[in-house]
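Asks:
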Amino acid sequence: MLEIKCPYCGKRSQIEFSYGGDAKLERPKLGTEVSDSEWNEFVYYRNNPRGEHLELWHHISGCRQWFKVFRNTATHEILSTSKIDEKIK
Amino acid sequence: MQKYSIFNLIKNSFSNHQNWDVAWRDPQPKKEYDVIIVGGGGHGLATAFYLAKEHGISNVAILEKGWIGGGNVGRNTTILRSNYMWDANGIFYEHGMKMWENLSQELNYNVMYSPRGIINLAHSDAQLNAYARRGNSMRLNGIDAVMLNKEDLKKMIPFADFSSARFPIFGGLMQPRGGTARHDAVAWGYARQADSMGVDIIQHCEVLGFDIKNGKVAGVQTSRGEIKTKKIGLCVAGSSSILASKLNMKLPIESHVLQACVSEPVKPFLDHVVTFGAGHFYCSQSDKGEMVMGGDLDGYNSYAQRGNLPTLQHVLTEGVAMFPNLSRLKMLRTWGGIMDMSMDGSPIIDKTHIQGLYLNCGWCYGGFKATPVSGLTFAYTIAQDRPHELNSKFRLDRFQKGYLIDEKGVGTKTWIG
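Chains as they are written, first to last, in this note's numbering: chain A, 15 to 103; chain B, 359 to 775.
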């Protein structure tokens, strides 16, 4: 069982949360010309690292806030969590 | 190579089975190969076998970081099927089904192919309609599909919960030729035949980097030294992104952990592979009597090859909803494997922008059944430097061009699918 520290509610068990994927994806800027390959990169391509991964989680059965989790994908160790607008790395 | 037959079995019994040939050698890596396959799983071994058998290319090495068959080919739930709706998938997997039917003979190795039929249960009228549509699409592609009603199912799977108010069983879709095979035997059978045709299976040899010169493959650096080659096939499933990053490539892949489990062995009570339609759960009974069960991904990026209990609990709750008597069984083993989840749920077998580098990945949780046809088409792609007709839709650039093969239509949230 993962224990995830929600920045708003504190440590809770994994079953209260749902996953939101890679937090480093950056949507191409609005109002600019975006090429097919840039869209392709944003929509479909992932770094998918083995090791440290910054990702989004949703406290869906709790405060319903989205936040960031810095986690190791090889060991499942959670290194830190933060509010969505705070910088981890 | 010693043929496996009743006569050789009798002959070797006189020497207490001490004089059988080894099934495959343990060679030292040569300085150069015509083709290097990275990954000694089912797909890699099958690819090497078909390179030698169909294309006469036997100066081939398979480089495996661990031991052959220690990854997903030894971790799956052994299900074979081709019950897909989209043409690209249906035609591809159906070709694979036909290969399974003759695989034990082709490999001279009993892969214990068991066409016991796979049944997808429907729990609402709408779901039954959707299954009828899928069944019709399958039949248009020459794949066997049979609609079953509740009375049929009561005879076939009497232990299912037919009185459930929450998940009533309306009927089901069955592919009678679907079934199971012995997963380890598939890896060992391909390894033995490939080895006998001259393929070097090099275990405990990790690929550390690639030599690319002027956009062309020149060789690989491994934990056992440098090896030259002009063609490399990547068959590393959940580790695809790691190797791609050594080539400065990104892939439309995320790695996720999928768990499976078996119960203690019991007397035969389930003759088919059955899937729960109101969630994600499937089970079959192994020849040893264990219930082999699986379901959802754990749902977050992972390379850990082990999962967590909440997912297992969720999956088995679905199992108990379908077969209430499962609740009385003890769990014997659970394990996890790393799935190469592609962004549309379909595989990639293609060339890349690097000349001589070929890619085989994106199998999600359906790679085992594709082992023969994946090997056949990937070997063709490598040998001929162009995709086979069967994998002509499984291109890497299909995402950018919009030719997705989104069988489930769940989008790019790979952990939901």
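Every residue gets a Cβ at the ideal spot worked out from N, C-alpha and C, and that includes glycine. Predicted, not measured: the structure shown is a model, and the values here were computed from it.
From the DSSP output, which residues share a beta bridge with residue 640 of chain B?
Replies: Residue 640 of chain B is bridged to B:633 and B:652.
Asks: I'd like to know whether the C-beta of residue 657 of chain B is nearer than 7 Å to at least one C-beta of chain A.
Replies: By this cut-off, residue 657 of chain B is an interface position.
Asks: Would you check if there are 3 or more beta carbon pairs closer than 8 Å linking the stretch 537-551 of chain B to the stretch 463-478 of chain B?
Replies: Counting Cβ pairs under 8 Å, three or more are found: they touch.
Asks: Tell me whether residue 27 of chain A is buried or exposed, calling it buried when 16 or more other Cβ atoms sit within 10 Å of its Cβ.
Replies: Classification for residue 27 of chain A: exposed.
Asks: Quick one: give me the first and last residue of the alpha helix (DSSP H) that residue 607 of chain B is part of.
Replies: Taken as a continuous stretch (DSSP letters only), residue 607 of chain B belongs to no alpha helix (DSSP H), as it is neither H nor E.
Asks: Taking Cβ to Cβ, would you say residue 532 of chain B is nearer than 7 Å to residue 475 of chain B?
Replies: Taking 7 Å as the Cβ cut-off, residue 532 of chain B and residue 475 of chain B qualify as a contacting pair.
Asks: Taking the DSSP output, what are the residues bridged to residue 478 of chain B?
Replies: Note: residue 478 of chain B sits in a beta bridge opposite B:531 and B:633.
Asks: Is it the case that the Cβ atoms of residue 695 of chain B and residue 616 of chain B are separated by a distance below 7 Å?
Replies: Yes, these two residues count as a Cβ contact at 7 Å.
Asks: Count the other CB atoms, across all protein chains shown, that sit within 10 Å of the CB of residue 15 of chain A; report buried if there are 16 or more and exposed otherwise.
Replies: Exposed, because fewer than 16 other Cβ atoms sit within 10 Å of the Cβ of residue 15 of chain A.
Asks: Give the secondary structure of residue 413 of chain B by DSSP, where H, G and I count as helix, E and B as strand, and everything else as coil.
Replies: If DSSP states are grouped into helix, strand and coil, residue 413 of chain B belongs with the helices.
Asks: Closest Cβ-Cβ distance between residue 73 of chain A and chain B: below 7 Å?
Replies: With 7 Å as the cut-off, residue 73 of chain A does not count as an interface residue toward chain B.
Asks: What residues in the stretch 80-92 of chain A have a beta carbon less than 7 Å from any beta carbon of chain B?
Replies: So the close ones are 87, 88, 89 and 90.
Asks: Spatial neighbours of residue 40 of chain A within its chain, please: CB distance less than 8 Å, with the 5 preceding and 5 following residues excluded, ordered by chain position.
Replies: Closer than 8 Å at Cβ, skipping near neighbours: 56.
Asks: Please identify, using Cβ separations under 8 Å, the residues of the stretch 605-618 of chain B that lie next to chain A, in order along the chain.
Replies: Within the stretch 605-618 of chain B, the residues whose Cβ lies closer than 8 Å to some Cβ of chain A are 608, 609, 610, 611, 612 and 613, listed in chain order.
Asks: Report the residue from B:710, B:706, B:758 and B:761 whose alpha carbon sits nearest the alpha carbon of residue 735 of chain B.
Replies: Comparing Cα-Cα distances from residue 735 of chain B to each of B:710, B:706, B:758 and B:761, the minimum goes to B:706.
Asks: Give, in chain order, every unbroken run of the alpha helix (DSSP H) that is at least 4 residues long and sits entirely within the stretch 429-491 of chain B.
Replies: With a minimum length of 4 residues, the continuous alpha helix (DSSP H) runs that stay inside the stretch 429-491 of chain B are 445-459 and 461-465.
Asks: Measuring straight from C-alpha to C-alpha, what distance separates residue 608 of chain B and residue 518 of chain B?
Replies: Looking at the two C-alpha atoms, the distance is approximately 45 Å.
Asks: With C-beta atoms as the reference, is residue 716 of chain B less than 7 Å away from residue 591 of chain B?
Replies: Cβ atoms of residue 716 of chain B and residue 591 of chain B: closer than 7 Å.
Asks: The alpha helix (DSSP H) spanning residue 733 of chain B covers which residue range?
Replies: Note, residue 733 of chain B: alpha helix (DSSP H), 729-742.
Asks: Between the Cα of residue 701 of chain B and the Cα atoms of B:687, B:650, B:418 and B:761, which residue gives the shortest distance?
Replies: It is B:761.
Asks: Which bits of chain A does residue 839 of chain B rub up against, with CB to CB less than 9 Å?
Replies: This structure does not reach residue 839 of chain B, given that chain B is present from 359 up to 775, and the question cannot be answered.
Asks: Does any residue of chain B bring its CB to less than 7 Å from the CB of residue 29 of chain A?
Replies: So, interface residue.
Asks: Note the first and the last residue of the continuous beta strand (DSSP E) segment covering residue 758 of chain B.
Replies: It is not in any beta strand (DSSP E) - residue 758 of chain B instead sits in the alpha helix (DSSP H) that spans 756-759.
Asks: Which of the residues in the stretch 581-604 of chain B, read from start to end, lie with their CB under 7 Å from any CB of chain A?
Replies: Going along the stretch 581-604 of chain B in chain order, one finds 599 and 600 with a Cβ nearer than 7 Å to chain A.
Asks: What are the boundary residues of the beta strand (DSSP E) that residue 580 of chain B is part of?
Replies: Run containing residue 580 of chain B: 574-580, per the beta strand (DSSP E) assignment.
Asks: Name the residue from B:541, B:550, B:755 and B:582 whose alpha carbon lies nearest to the alpha carbon of residue 359 of chain B.
Replies: Nearest of B:541, B:550, B:755 and B:582 to residue 359 of chain B, Cα basis: B:550.
Asks: Kindly indicate the opening and closing residues of the beta strand (DSSP E) around residue 395 of chain B.
Replies: Segment 393-396, the beta strand (DSSP E) holding residue 395 of chain B.
Asks: Hey, how far is the Cα of residue 438 of chain B from the Cα of residue 650 of chain B?
Replies: Rounded to whole angstroms, residue 438 of chain B to residue 650 of chain B spans 14 Å at the Cα level.
Asks: Quick test of your reading: residue 403 of chain B and residue 420 of chain B, contact by CB under 8 Å. State the CB separation rounded to the nearest angstrom.
Replies: Yes, they are in contact, since the Cβ atoms of residue 403 of chain B and residue 420 of chain B sit about 6 Å apart, within 8 Å.
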